[in-house]
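See below for the structure under consideration.
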Amino acid sequence: MMNYGIIPISHLQLAMSIILVLMAGLVSAFLKLGLLKSLIWGTIRAFIQLSLIGYLLAYIFQINHFILILLIMLLMCYIAAREATRRVNVPTQEPLLVSFLSLTASSLLVSVIVVTLIITPRPWYSAQIWIPIFGMILGNSMNGISLALDRMYNEVRSHTAEIEALLCFGASPWEAVKNSVRKALRAGMTPTINSLMVVGLVTLPGMMTGQILAGADPREAVRYQFVVMVMITASAALGCLLLIGISYRKMFTEDLALTEDMRQSHN
Amino acid sequence: MEVFFQFTQITHQFAPNGPFIHASGSLQPGKALAVQGPSGAGKSTLLRILARLIKPTSGTVIYQDQNWQAIPPRYWRRKIHYLPQKPVMFEGTVRDNLKLPFELDLLGKEGSLDLDKAKLLLTEVGLPLASLDHDARTLSGGEAARVALVRSLLIDPEILLLDEPTAFLDTETGKKVLMYLANWLQNKKNRGLLLVSHKENNLAFFPGMQAVVIQSEGTRG
Chain A
6 MMNYGIIPIS
16 HLQLAMSIIL
26 VLMAGLVSAF
36 LKLGLLKSLI
46 WGTIRAFIQL
56 SLIGYLLAYI
66 FQINHFILIL
76 LIMLLMCYIA
86 AREATRRVNV
96 PTQEPLLVSF
106 LSLTASSLLV
116 SVIVVTLIIT
126 PRPWYSAQIW
136 IPIFGMILGN
146 SMNGISLALD
156 RMYNEVRSHT
166 AEIEALLCFG
176 ASPWEAVKNS
186 VRKALRAGMT
196 PTINSLMVVG
206 LVTLPGMMTG
216 QILAGADPRE
226 AVRYQFVVMV
236 MITASAALGC
246 LLLIGISYRK
256 MFTEDLALTE
266 DMRQSHN
Chain B
-2 MEVFFQFTQI
8 THQFAPNGPF
18 IHASGSLQPG
28 KALAVQGPSG
38 AGKSTLLRIL
48 ARLIKPTSGT
58 VIYQDQNWQA
68 IPPRYWRRKI
78 HYLPQKPVMF
88 EGTVRDNLKL
98 PFELDLLGKE
108 GSLDLDKAKL
118 LLTEVGLPLA
128 SLDHDARTLS
138 GGEAARVALV
148 RSLLIDPEIL
158 LLDEPTAFLD
168 TETGKKVLMY
178 LANWLQNKKN
188 RGLLLVSHKE
198 NNLAFFPGMQ
208 AVVIQSEGTR
218 G
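Same order as they appear, the protein sequences are chains A and B.
Following my numbering from start to finish, the first sequence increments by one per residue and tops out at 272.
Following my numbering from start to finish, the second sequence increments by one per residue and tops out at 218.
Spelled out as structure tokens, the structure:
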């Protein structure tokens, strides 16, 4: 197998990518899509954000301190939790805290398994391994959690009559909402399971493509990709389960009845 | 005379500075109590409060000398059982629907569905036995209302909180159901019925029935 190693992109070569932005800009201008301003702003932001993160990561990899890695991972969890709950409109449910706890616990558990049992870097707390792995897990769990949370509240709100009927038979909160919870978990886990089906056939995932571009043997890259796919599936499942496990009880009052914001359709 | 179910100064405000309701009343064993008031006065809300599905702003309920807060809500709702006006049918056949409460932890411990009793009850409310195998979600409003009532009666509640039980029924079937309920009240000690009904003559089926009128201030949305 030939291995060319990574082909560096020079400043000039990087500047050439402006051609691609111009192409998108021309489409917008020609069809009067009104996207030109957003496109320019987006391009500038993407360039600055990625450059900063590039320098930041290089700095963190150099320091490679366990506490620093942990702090960064917690910050990543906070940002992901905020993003996952941004659209959830349930004032009394504290979805941010719940999402943060479930994202942190599930992503940490899965990344510990992946890093310490499968990749086994030395030293074990290598920032170069932990942060990208954790980021990939988090990004996918975040999507799963966001879908599951949204689905759970929608399901419960649209089935309050059924849930209250069950409560009137003496059902526990869990018995009353378990059907809605199952649907929410399915909604959270389906996208990652679907992506397991088509990976390599429809898309070559970004991580694998990146490794191949960086000169890695494709046979080695697919091994990594397989690990990444299953770790994403595991963390989405665990994250959704934790999230629902912590938050379903919050939809009920101390009298084990649905809270007011869950039974809006009644009043 | 003995009072076994009493609600005192139940007040509920629907929103801060919004409309509110007041109600007090009591129930003697074997008797029925009519909940009255104009449309939108909060009659269903009162039943839902008494089933502990809504927490009132203030007020208290005493059941057999016990404050309601002393009784676990699940046990309360299984004994002081609320049946909403709009029947709720779950996926599956009528038989599945009748079995459902007994598949729950609390009632499952007490026993399983008594199919003979279920058949008897279906007949009493004018439903054919063949309906046991019908898809519950395809029943007409009147059929579903009766299946829901039978399902509630099968769990043997002590007090039934019924919201317009004859709303979906024709006059004849409605009579049949009310006559059955009047008998049900007498069949066993310590049963009671709270009934919301717009039909005045429905109340004639229950001898000695008293009424509680909801006082409401403001109108709801």
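Ideal placement from N, C-alpha and C gives every residue a C-beta, glycine not left out.
Can you pull the chain B residues whose beta carbon is under 7 Å from the beta carbon of A:D260, in chain order?
R49, K52, P70
Members of the region 55 to 89 of chain B that neighbour chain A once the beta carbon cut-off is set at 8 Å:
P70, R71, Y72, R74, R75, H78, Y79, L80, P81, K83, V85, F87
Using a Cβ cut-off of 8 Å (strictly closer), state whether B:D102 contacts chain A.
yes
List the endpoints of the continuous beta strand (DSSP E) containing B:D160.
156 to 160
Any Cβ of chain B within less than 8 Å of the Cβ of A:G193?
no
List the residues of chain A whose Cβ lies closer than 7 Å to the Cβ of B:I152, in chain order.
F174
I want to know whether the region 156 to 173 of chain B touches the region 189 to 206 of chain B - three or more CB-CB distances under 8 Å.
yes
Spatially closest choice to B:V147 from B:N180, B:E155, B:K185, B:N94, by CA coordinates:
B:N94
Are the Cβ atoms of B:V91 and B:V144 separated by less than 8 Å?
yes
Are there 16 or more other CB atoms within 10 angstroms of the CB of B:R134, so buried, or fewer, so exposed?
exposed
Rounded C-alpha distance that separates B:H131 from A:D155
34 Å
From the beta carbon of B:P98, is the nearest beta carbon of chain A less than 8 Å away?
yes
Which residue comes first and which comes last in the alpha helix (DSSP H) that contains A:S232?
The residue asked about is misnamed: residue 232 of chain A is Val in this sequence, not Ser. Where A:V232 is concerned, the enclosing alpha helix (DSSP H) stretches over 223 to 252.
Own chain, CB closer than 8 Å to B:T173, minus 5 neighbours either side, in chain order:
In the sequence on display, residue 173 of chain B carries Lys and not Thr. Once the five neighbours on either side are set aside, the close Cβ partners of B:K173 are E121, V122, G123.
Kindly list the residues whose CB is nearer than 7 Å to the CB of A:L73, restricted to its own chain and excluding five residues on each side of it in sequence; keep chain order.
I65
Grab me the residues of A:I84's own chain with a C-beta within less than 6 Å of its C-beta, minus the 5 sequence neighbours each way, in chain order.
none
Here's the rule: buried if 16 or more other CB atoms are within 10 angstroms of the residue's CB, otherwise exposed. What is B:S36?
exposed
Min CB distance A:A189 to chain B below 8 Å
no
By alpha-carbon positions, which one of B:Q82, B:L151, B:Q33 ends up nearest to B:Q212?
B:Q33
Can you give me the Cβ contacts of A:E99 inside the same chain, cut-off strictly under 8 Å, excluding the 5 residues immediately before and after it?
K255
Give me the Cβ distance between A:L247 and A:A110, rounded to the nearest whole Å; I'm assuming they're in contact under 8 Å.
6 Å
Please give me, in chain order, every unbroken run of the beta strand (DSSP E) with length at least 3 that falls completely inside the region 82 to 161 of chain A.
none
DSSP state of A:G59 mapped onto helix, strand, coil
helix
Kindly confirm or deny that the region 100 to 110 of chain B and the region 207 to 218 of chain A touch, where touching means at least three C-beta pairs closer than 8 Å.
no
Have a look at B:F2 and B:E169 and give me their C-alpha separation to the nearest angstrom.
31 Å
Is any beta-carbon of chain B found at less than 8 Å from that of A:S177?
yes
Is the separation between the beta-carbon of A:L261 and that of B:R71 shorter than 8 Å?
yes
Quick check on the DSSP output: the beta strand (DSSP E) that includes B:E214 runs from which residue to which?
212 to 214
At 7 Å on the CB atoms, spell out the chain B contacts of A:E169, in chain order.
L50
Cutoff 8 Å: A:E180 Cβ touching any chain B Cβ:
yes
Could you give the first and the last residue of the continuous alpha helix (DSSP H) run that contains A:Q18?
16 to 21
Buried/exposed call for A:A219, threshold 16 Cβ in 10 Å:
exposed
Note down, in chain order, every chain B residue with its Cβ under 8 Å from the Cβ of A:A166.
P81, K83, V85
A:T214, DSSP secondary structure in three states:
helix
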